[in-house]
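Below: the structure, in structure tokens.
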Amino acid sequence: MSIAENLFEIKSSLPKDVTLIAVTKTHPPEKLMEVYDAGHRIFGENKVQEMVDKYEALPKDIQWHLIGHLQTNKVKYIAPFVSLIHSVDSLKLLQEINKQALKNNRIIDCLLQIYIANEETKFGLSFEEAEALISSEQLKDLKNIKVTGFMGMASNTDDQEQIRREFRSLKSFFTKHSPFLTFNFSLLTLSMGMSSDYSIAIEEGSNMIRVGSAIFGKRDV
Ligand SMILES: *Cc1c(COP(=O)(O)O)cnc(C)c1O
Numbered sequence: 009m010s011i012a013e014n015l016f017e018i019k020s021s022l023p024k025d026v027t028l029i030a031v032t033k034t035h036p037p038e039k040l041m042e043v044y045d046a047g048h049r050i051f052g053e054n055k056v057q058e059m060v061d062k063y064e065a066l067p068k069d070i071q072w073h074l075i076g077h078l079q080t081n082k083v084k085y086i087a088p089f090v091s092l093i094h095s096v097d098s099l100k101l102l103q104e105i106n107k108q109a110l111k112n113n114r115i116i117d118c119l120l121q122i123y124i125a126n127e128e129t130k131f132g133l134s135f136e137e138a139e140a141l142i143s144s145e146q147l148k149d150l151k152n153i154k155v156t157g158f159m160g161m162a163s164n165t166d167d168q169e170q171i172r173r174e175f176r177s178l179k180s181f182f183t184k185h186s187p188f189l190t191f192n193f194s195l196l197t198l199s200m201g202m203s204s205d206y207s208i209a210i211e212e213g214s215n216m217i218r219v220g221s222a223i224f225g226k227r228d229v
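Below, the structure is given as structure tokens:
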């Protein structure tokens, strides 16, 4: 099937309240344009430089989501245009995003990345660290960011029940914190699910999925 056909098939299967992020990492601009021409406007990249290059090369009505690990010294490159950062994993990073957002006269929406997988390699905050960040006094000083949700990645395993349990744990953390609204903290988005596990993620309460290979085919790198 073509890229456009893959996109339509996935989109038509999604509940209305689930937002699809087309994960475009490693793919060249021509391939992104196939998705763009099919009417899709929300793209996810995991590397800053690649996202900046594609932002410059492609139409300006695309919404760019950063989904990969972000170093504080690189925030300045994406602050002028990024629409959502999924991968905030420290107060220090949030403070830098706030600083760069202020410079650009913007408010940048952020998700806290929470570590739910049973693996050593995944980035993110533990539930305890996230609790501490959410209740910290320093968060209240940040006028140019808004924490609008959480992101999580399940373990890379064939054990569907484990994946389900991991997603469920993040959904329950999300539900627990949803009533607590402040000017810069308002939980709307639960970003969980990739090509291999987005159906389970949606069943467990995800409302934003990040899908690459199921649209574009397998990546070479
Ligand atoms: C690459 C990536 C995805 C998409 O992965 P696929 O398996 O290709 O759908 C989702 N989220 C993050 C954080 C990624 O880096």
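Residues in the sequence shown are numbered consecutively from 9, following this note's numbering.
Cβ coordinates follow ideal geometry from the N, Cα and C atoms, glycine included.
P36 and K84 have their C-alpha atoms some 24 Å from each other. Ligand 1 has no heavy atom closer than 7 Å to the beta-carbon of V56. For K33, there is no enclosing alpha helix (DSSP H), as DSSP marks it with neither H nor E. Not one heavy atom of ligand 1 falls within 7 Å of the beta-carbon of S91.
Note that the stretch 208 to 215 does not touch the stretch 121 to 138; fewer than 3 beta-carbon pairs, one per stretch, sit closer than 8 Å.
One thing to note: I122 has its Cβ no nearer than 8 Å to the Cβ of G157. Spanning the alpha carbons of D25 and L150 requires a straight line of approximately 29 Å. Look at K33: its beta carbon is less than 7 Å from one of the heavy atoms in ligand 1.
A distance criterion of 7 Å places the beta-carbon of M161 in contact range of ligand 1, judged by its closest non-hydrogen atom.
Taking C-alpha positions only, E13 is separated from S163 by approximately 28 Å. Relative to the non-hydrogen atoms of ligand 1, the Cβ of A222 comes within a distance shorter than 7 Å of at least one.
Rounded to whole angstroms, the separation of the alpha carbons of S95 and S221 is 20 Å. Distances taken from the Cβ of M9 to the heavy atoms of ligand 1 include none shorter than 7 Å.
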